[in-house]
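This report concerns only the one structure given below.
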Amino acid sequence: MLAKIRDQYLLALQYEDFRRLWTVNAFAGAAQWALIIARGWLAYEITGAALWVGLVTFAAMIPRLFTSPIVGFMADRFDRVTILRVGLTLNMLHNVALALMVMLDAIEGRLLILLFLALLNGTLASFRMNTTSALIPNMVPKERLLNGIALNQATQQGSRMVGALGILPLLAILDDNGIMAAFWLCSSFYAFALITA
149 MLAKIRDQYL
159 LALQYEDFRR
169 LWTVNAFAGA
179 AQWALIIARG
189 WLAYEITGAA
199 LWVGLVTFAA
209 MIPRLFTSPI
219 VGFMADRFDR
229 VTILRVGLTL
239 NMLHNVALAL
249 MVMLDAIEGR
259 LLILLFLALL
269 NGTLASFRMN
279 TTSALIPNMV
289 PKERLLNGIA
299 LNQATQQGSR
309 MVGALGILPL
319 LAILDDNGIM
329 AAFWLCSSFY
339 AFALITA
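Residue numbers (the numbering used here): 149 to 345.
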């Protein structure tokens with residue numbers, strides 16, 4: 149039974165480079181979606197207004213519409229793995245900065261900084277998602293390409309749930325320290341993705 153599932157649905161995972169990319173995508177995706185929740189939680193905690201939750205989430209999502217053509221151009225001109233590693237590094241540093249700002253109480257009253265950081269993070273996430281998609285044809289043979297694309301998309305969607313499930317207990321149990329712990333968790337997810345890339 150397991151062999152049948154493996155042979156039918158997981159064929160692309162037999163290639164080491166793709167397995168590494170898949171792992172990178174899983175951890176970076178979980179970090180991205182956990183960050184969306186944590187950043188929204190932080191915005192609501194600071195302001196008490198749902199409007200700011202919507203604004204920071206919008207700021208994190210809107211770059212995907214505009215940066216995709218630029219990232220596609222860059223992925224065709226430069227080394228894709230380098231683009232991926234730079235994006236992961238910057239995302240990790242972004243999360244470390246958020247964690248430090250929360251830890252030092254330096255984010256209170258600085259909602260525009262939070263909005264800017266959300267916009268920056270959304271731009272970097274677009275780089276990661278588009279670059280991983282562009283790397284798949286380099287990592288699996290043509291006859292396994294559809295399986296690789298399907299696994300990549302399933303991972304992107306599944307990481308939403310993993311990120312949320314990983315972060316919500318921190319936010320619910322740790323009270324004020326939960327947001328800081330959440331940003332550190334996101335940072336560690338990005339660090340693991342970077343090491344794997």
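All C-beta atoms, glycine included, are put in the ideal place defined by N, C-alpha and C. Just so we're clear, the structure is a prediction, and the values are computed from it rather than from any experiment.
Query: For the segment 239-247 against the segment 323-338, do three or more pairs of beta-carbon atoms, one drawn from each stretch, fall closer than 8 Å, so that the two count as touching?; Result: yes
Query: Would you mind sorting I343 into buried or exposed? The rule is 16 or more other CB atoms within 10 Å of its CB.; Result: exposed
Query: Do you know whose CA, among L319, M222, A345, S216, lies nearest R187's CA?; Result: L319
Query: Excluding five sequence neighbours on each side, which residues of the same chain lie with their C-beta closer than 8 Å to the C-beta of A312?; Result: W181, A182, I185
Query: From what residue to what residue does the alpha helix (DSSP H) around Y161 run?; Result: The sequence given here has Leu at residue 161, not Tyr. Here L161 belongs to no alpha helix (DSSP H), and DSSP marks it neither H nor E.
Query: Helix, strand or coil for I184 per DSSP?; Result: helix
Query: In whole angstroms, give me the CA-to-CA distance for A223 and L263.; Result: 27 Å
Query: Three or more C-beta pairs closer than 8 Å, one from the segment 209-217 and one from the segment 269-280: is that the case here?; Result: yes
Query: Starting from the N-terminal side, write out each stretch of the alpha helix (DSSP H) that is 4 residues or longer and does not extend beyond the segment 233-298.; Result: 259-287
Query: Excluding the 5 residues flanking M328 on each side, which residues of the same chain have their C-beta closer than 7 Å to its C-beta?; Result: A247, V250, M251
Query: Please report the straight-line C-alpha distance between L294 and L203, rounded to a whole angstrom.; Result: 36 Å
Query: Determine, using beta carbons only, whether N286 and V219 come nearer to each other than 8 Å.; Result: no
Query: Identify whether I321 lies in helix, strand or coil by the three-state DSSP scheme.; Result: helix
Query: Quick check on L322: buried or exposed, where buried means 16 or more other Cβ atoms within 10 Å of its Cβ?; Result: exposed
Query: Quick one: using the 10 Å Cβ neighbour count with 16 as the cut-off for buried, is A191 buried or exposed?; Result: buried
Query: In this structure, how does DSSP classify F226 when only helix, strand and coil are distinguished?; Result: coil
Query: Taking 8 Å as the limit between beta carbons, can you name the residues of its chain near L158, skipping five residues before and five after?; Result: N295, L299
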